[in-house]
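In our numbering, the protein residues as written are 45 to 214.
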């Protein structure tokens, strides 16, 4: 996900509970400004993508949740086309079910390419109680709820001042 995704979440939600993002620590070293901003306002939970089912990741996530923090997960894992919602990975569902915490669906639109004056739409859905769900069913209902929140994207055309620079700012 790009910087506009995490920035939109940090600007939408209250400061407390602090939002922690799952992130690749190797990638963060290459983006020191992003690292600083997210650490100053929330936090990162390190993810080693080579370790599927990493128990250390579970410990970090549960420690954050036990301390009253929130975990922001982008379950698609990567961008598709603007306005397109890719299939969700089940990691968020496992965390929610195992920790017994609600999933709050958020629909973001307009964050893939950023320019001066562009509107970004953030819509927050009702929490989903994980009780009684399997990882598969929670993943499916989570994806449906996000799809319901996202407005169809229409490229406004015309000038896009500073689009390349702003899109790749961090």
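Every residue gets a Cβ at the ideal spot worked out from N, C-alpha and C, and that includes glycine.
Can you give the Cα-Cα distance for residue 60 and residue 52, rounded to whole angstroms? 15 Å
I need the boundaries of the alpha helix (DSSP H) containing residue 139, first residue and last residue. 135-143
By DSSP, does residue 226 sit in helix, in strand, or in coil? This structure does not reach residue 226, given that the chain is present from 45 up to 214, and the question cannot be answered.
Between which two residues does the beta strand (DSSP E) carrying residue 83 extend? No beta strand (DSSP E) holds residue 83; the alpha helix (DSSP H) holding it covers 76-85.
Verify whether the separation of the beta carbon atoms of residue 108 and residue 91 is less than 8 Å. no
In this structure, how does DSSP classify residue 130 when only helix, strand and coil are distinguished? coil
Which one of 68, 116, 70, 106 has the shortest CA to CA distance from residue 56? 116
DSSP on residue 186, reduced to helix/strand/coil? helix
Return the bridge partner residues of residue 168 from the DSSP annotation. 150
Does at least one heavy atom of the ligand NAD sit under 7 Å from the Cβ of residue 203? Ligands displayed in this structure: none; no statement on the ligand NAD is therefore possible.
Which listed residue (168, 140, 133) has its alpha carbon closest to that of residue 122: 133
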